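The sequence shown maps to residues 0 to 480 in numbering that gives the first Met the number 0. By construction, the Cβ of each residue, glycine as well, lies at the ideal position given by its N, Cα and C atoms. Since the model is a prediction, treat every value here as computed from it, not as a measurement. Data first, discussion second: the structure below is written as structure tokens.
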Amino acid sequence: MSGADRDDPAAPTPKSAGGDGRMWGGRFQEATDALVQRVNASVDVDRALAEEDIEGSLAHAAMLAAQGILSDEDEAAIREGLEAVRADIRAGRFEWREDLEDVHMNIERALTGRIGPAGGRLHTARSRNDQVATDLRLYLRRRQRALEELLLGLRGTLVELAERHLDVILPGYTHLQVAQPVRLAHHLLAYAEMFARDQGRLADARARTNVSPLGAGALAGTGFPIDRHLTARTLGFDEPSRNSLDAVSDRDFALETLAALAILMMHLSRLSEELILWSSQEFGFVTLPDSHTTGSSIMPQKKNPDVCELVRGKTGRVYGSLMGLLTVMKGLPLAYNKDMQEDKEGVIDALDTAEDALRLYLGMLPKITVHAARTRAAAANAFSNATDLADYLVRKGLPFREAHHVVGRLVARALELGTGLEELELPVLRAESPLIGDDVYDVLALETVVDARSSYGGTARAEVERQIAAARAALDAEATP
Ligand code: ARG
0 MSGADRDDPA APTPKSAGGD GRMWGGRFQE ATDALVQRVN ASVDVDRALA EEDIEGSLAH
60 AAMLAAQGIL SDEDEAAIRE GLEAVRADIR AGRFEWREDL EDVHMNIERA LTGRIGPAGG
120 RLHTARSRND QVATDLRLYL RRRQRALEEL LLGLRGTLVE LAERHLDVIL PGYTHLQVAQ
180 PVRLAHHLLA YAEMFARDQG RLADARARTN VSPLGAGALA GTGFPIDRHL TARTLGFDEP
240 SRNSLDAVSD RDFALETLAA LAILMMHLSR LSEELILWSS QEFGFVTLPD SHTTGSSIMP
300 QKKNPDVCEL VRGKTGRVYG SLMGLLTVMK GLPLAYNKDM QEDKEGVIDA LDTAEDALRL
360 YLGMLPKITV HAARTRAAAA NAFSNATDLA DYLVRKGLPF REAHHVVGRL VARALELGTG
420 LEELELPVLR AESPLIGDDV YDVLALETVV DARSSYGGTA RAEVERQIAA ARAALDAEAT
480 P
């Protein structure tokens with residue numbers, strides 16, 4: 000393929016390019032081995048950064064002209080040429096070439112093909128090392144923002160569901176054993192809190208991503224009188240990176256993003272796990288929408304929670320991308336090393352995976368049917384009011400440890416009789432403790448049990464309503480106008 004450009008009327012064969020496709024070919028006499036060319040090339044992956052590459056080049060060229068390093072005519076030609084290349088890429092008529100290795104050299108070659116030698120001046124005072132770091136930061140910034148928007152939407156969906164299901168009561172679990180009854184709204188708001196922190200983590204990562212490496216050159220800076228502050232401003236970065244070696248060497252901003260995505264997927268995976276359990280015949284708490292479930296090729300009765308399972312499963316690939324890049328980076332001396340070319344595939348895959356997962360949940364959650372009678376029965380059937388009976392005895396003066404024993408014996412008695420605590424006759428209750436009076440039945444009623452937990456952040460109706468209002472206010476404050 001190294002001779003392919005000879006058939007390409009757009010491609011010149013400048014002497015500086017060694018007469019073949021390789022833009023660094025000057026000192027080389029032997030052609031690149033075919034397998035080396037394939038493995039060395041990153042264009043299949045990094046062409047995703049084409050828009051950012053062009054944006055960075057436009058800013059760089061404008062700065063070079065402003066500083067008198069590039070003539071205004073050359074700058075204008077480069078700008079028009081890059082815009083034409085961008086139009087080709089957007090229209091899908093750009094021919095990506097593996098022999099040109101990566102997105103940077105593909106675009107530069109296409110530019111030179113269009114405008115001639117002026118295109119070769121674009122790379123003045125720049126290296127692919129600061130170029131790729133710039134591209135990746137611009138790309139990540141854009142995708143981080145999009146994910147933050149989706150998370151904002153997901154939080155809104157959860158708050159809406161919480162409002163709709165304020166009076167649905169279900170068992171709260173510890174060790175997946177029924178513990179105390181909670182409002183479904185309370186349970187959903189717990190996830191809204193997690194996703195708010197995920198959004199915050201992405202915003203934090205974005206703040207540290209939004210720094211400009213452009214002008215760091217290969218590693219040491221440049222002798223040309225460039226203005227790094229100008230390109231940083233043009234590209235919407237908060238500032239230029241302060242150290243050129245750091246600028247081209249580190250990928251911590253990508254790692255932070257991956258860490259945030261890994262945690263986000265962990266949260267989505269737990270929610271998935273709960274929906275998988277809840278939609279099983281044994282629980283029967285919810286029915287997932289047909290649009291987000293699938294059937295079995297052999298068992299006609301089946302309705303499988305594939306979306307939830309896939310989100311749970313794909314969490315593994317996102318963890319893998321985080322581990323992969325951490326491992327790529329751990330032994331690298333400063334500054335740029337080709338190992339770092341391995342950064343993009345995992346990051347882009349993790350971003351795509353998380354974005355898909357969020358979109359799937361945004362589509363599925365509002366369409367879930369809740370079986371309130373089922374969740375209520377499950378909450379009422381499993382002695383979830385036992386703590387309340389103990390608390391009742393404590394209020395009547397019994398030390399908590401003794402109350403715990405009394406209630407334990409009453410639970411055993413109820414199990415024998417096959418009833419709930421609230422169904423035990425008063426004499427049966429009083430046989431274990433004469434402190435128990437008629438007023439106990441009110442304490443043991445499910446609504447009373449739930450609404451008793453009125454501490455800040457608890458599951459009582461008034462408290463959950465306050466949490467909903469607070470979540471709404473936070474969403475309104477964050478919504479982009
Ligand atoms: N394709 C390369 C990457 O993704 C671009 C930087 C290459 N720099 C170099 N000196 N070979 O990392």
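Problem set entry | Burial state of Ser320, where buried means 16 or more other Cβ atoms lie within 10 Å | With 16 or more neighbouring CB atoms inside 10 Å of its own CB, Ser320 falls in the buried class.
Check your understanding: Near Lys301, what residues of its chain come up, given a Cβ to Cβ distance below 8 Å and the 5 sequence neighbours on each side ignored?
Key -> Beyond the five residues adjoining it in sequence on each side, Lys301 comes within less than 8 Å, by CB distance, of Gly294 and Ser295 in the same chain, given in chain order.
Using a 10 Å radius around the Cβ and a threshold of 16 neighbouring Cβ atoms, would you call Ala478 buried or exposed? Under this definition Ala478 is an exposed residue.
**Prompt:** Ile68 and Ala117 look like a contact to me (Cβ under 8 Å); what is the Cβ gap, rounded to whole Å?
**Reply:** Taking C-beta atoms under 8 Å as the contact rule, Ile68 and Ala117 fail to qualify, at a distance of about 13 Å.
Original post:
Alpha carbon to alpha carbon, what distance is there between Val177 and Leu48?
Top reply: Straight-line Cα distance between these residues: approximately 50 Å.
Q | DSSP three-state assignment for Ala10, whether helix, strand or coil | A | With a pLDDT of 44 at Ala10, under the threshold of 50, the modelled position of that residue is not reliable, and the figure given next carries that caveat. Note: Ala10 maps to coil in three-state DSSP.
**Asked** Around the Cβ of Val38, are there at least 16 other Cβ atoms within 10 angstroms (buried) or fewer (exposed)?
**Response** Around the C-beta of Val38, fewer than 16 other C-beta atoms lie within 10 Å, and the residue is accordingly described as exposed.
Does Ala473 come out as helix, strand or coil in the three-state DSSP assignment? In this structure, Ala473 counts as helix in the three-state DSSP scheme.
Identify the residues that DSSP records as bridge partners of Val346: which are they?
When DSSP reads this structure, Val346 sits in no beta bridge, so it has no partner.
Next item on the list: Kindly indicate which three-state DSSP category Asn303 falls into: helix, strand or coil?
Entry: Asn303 falls in the strand class under three-state DSSP.
Next on the checklist: Just to confirm, is the Cβ distance from Ile225 to Pro288 under 8 Å?
Outcome noted: No. Outside cutoff.
inquiry  = To the nearest angstrom, how far is the alpha carbon of Pro13 from that of Gln143?
reply    = Unreliable placement is indicated for Pro13, whose pLDDT of 43 sits below 50; no coordinate value is reported for it.
Worksheet item: Hey, is Met328 close to the ligand ARG, as in C-beta under 7 Å from one of its heavy atoms?
Response: In this structure, Met328 has its beta carbon at no less than 7 Å from each heavy atom of the ligand ARG.
- Query: the ligand ARG heavy atoms versus the CB of Ser279: any closer than 7 Å?
  - Reply: The answer is no for Ser279.
>> The alpha helix (DSSP H) that contains Thr173, what's its start and end?
In response: Counting along the chain, Thr173 falls outside any alpha helix (DSSP H), though it belongs to the beta strand (DSSP E) covering Ile168 to Thr173.
Which class does Ala381 belong to by DSSP, given the choice of helix, strand or coil?
If DSSP states are grouped into helix, strand and coil, Ala381 belongs with coil.
| message | Just to confirm the assignment, what range does the alpha helix (DSSP H) spanning Gln36 have? | response | That run of the alpha helix (DSSP H) goes Ala33 to Asn39.
Q.
Quick check on Arg92: does DSSP put it in helix, strand or coil?
A. Arg92 sits in coil when the DSSP states are folded into three classes, being neither helix nor strand.
Can you tell me the Cα-Cα spacing of Leu350 and Leu201, whole angstroms?
Those two C-alpha atoms are separated by around 11 Å.
Q. When the Cα atoms are used, what is the spatial distance from Arg250 to Val84?
A. Computed Cα separation, rounded: 28 Å.
Report task. On a CA-only basis, which of Leu414, Leu81 and Leu409 is nearest Arg113? Give me that one, please. Result -> When the alpha-carbon of Arg113 is set against those of Leu414, Leu81 and Leu409, the nearest one is in Leu81.
**Request:** Provide the residue(s) that pair with Ser211 in DSSP beta bridges, ordered along the chain.
**Result:** Note: Ser211 sits in a beta bridge opposite Pro239.
Distance between Ala33 and Asn128 (C-alpha atoms, nearest Å): Near 24 Å, if we compare the C-alpha coordinates of Ala33 and Asn128.
By a C-beta neighbour count over all protein chains shown, 10 Å radius and 16 as the cutoff for buried, is Ile482 buried or exposed?
This structure does not reach residue 482, given that the chain is present from 0 up to 480, and the question cannot be answered.
ask   = What residues in its chain sit with their C-beta under 8 Å from that of Ala376, if we drop five residues either side in the sequence?
value = Sequence-distant partners of Ala376 (beyond 5 residues in either direction) whose C-beta falls short of 8 Å from its own C-beta are missing from its chain.
Where Arg182 sits in the DSSP three-state scheme | The answer is strand: DSSP assigns Arg182 an E or B state.
Let me check understanding here. Comparing Cα to Cα, which of Arg96, Arg26 and Ile88 lies closest to Ala40? Closest by C-alpha distance to Ala40, out of Arg96, Arg26 and Ile88, is Arg96.
| task | Counting only the same chain and skipping the five closest in sequence on each side, list residues whose C-beta sits under 6 Å from that of Leu160. | result | Around Leu160: Leu187.
Subject >> Run of the alpha helix (DSSP H) containing Ile68, from where it starts to where it stops >> reply: Taken as a continuous stretch (DSSP letters only), Ile68 belongs to no alpha helix (DSSP H), as it is neither H nor E.
| said: Could you check whether the Cβ of Asn105 sits closer than 7 Å to any heavy atom belonging to the ligand ARG? | reply: Not one heavy atom of the ligand ARG lies closer than 7 Å to the C-beta of Asn105.
Note to self: Taking the beta carbon of Asp4 as the centre, do at least 16 other beta carbons fall within 10 Å, making it buried, or is it exposed?
What the structure shows: Per-residue confidence for Asp4 stands at a pLDDT of 42, beneath the threshold of 50, marking its modelled position as unreliable; the derived number appears in the next sentence. Residue environment analysis places Asp4 among the buried positions, since at least 16 neighbouring C-beta atoms fall within 10 angstroms of its C-beta.
So for Thr458, helix, strand or coil by DSSP? Here Thr458 sits in coil by DSSP.
Open item on the list: Less than 8 Å between the C-beta atoms of Leu149 and Glu354, yes or no?
Closed with: Between Leu149 and Glu354, the CB-CB gap stays under 8 Å.
(message) Please classify Gln28 as buried or exposed, where buried requires at least 16 neighbouring CB atoms within 10 angstroms.
(response) Taking a 10 Å sphere around the C-beta of Gln28, we find fewer than 16 other C-beta atoms and assign the residue as exposed.
Quiz item: Under 8 Å, do Val102 and Arg21 count as touching if we go by C-beta distance?
Solution: For Val102 and Arg21, no; Cβs fall outside 8 Å.
Considering only heavy atoms of the ligand ARG, does any lie closer than 7 Å to the CB of Gln176? No; taking the cut-off as 7 Å, the Cβ of Gln176 has no heavy atom of the ligand ARG nearer than that.
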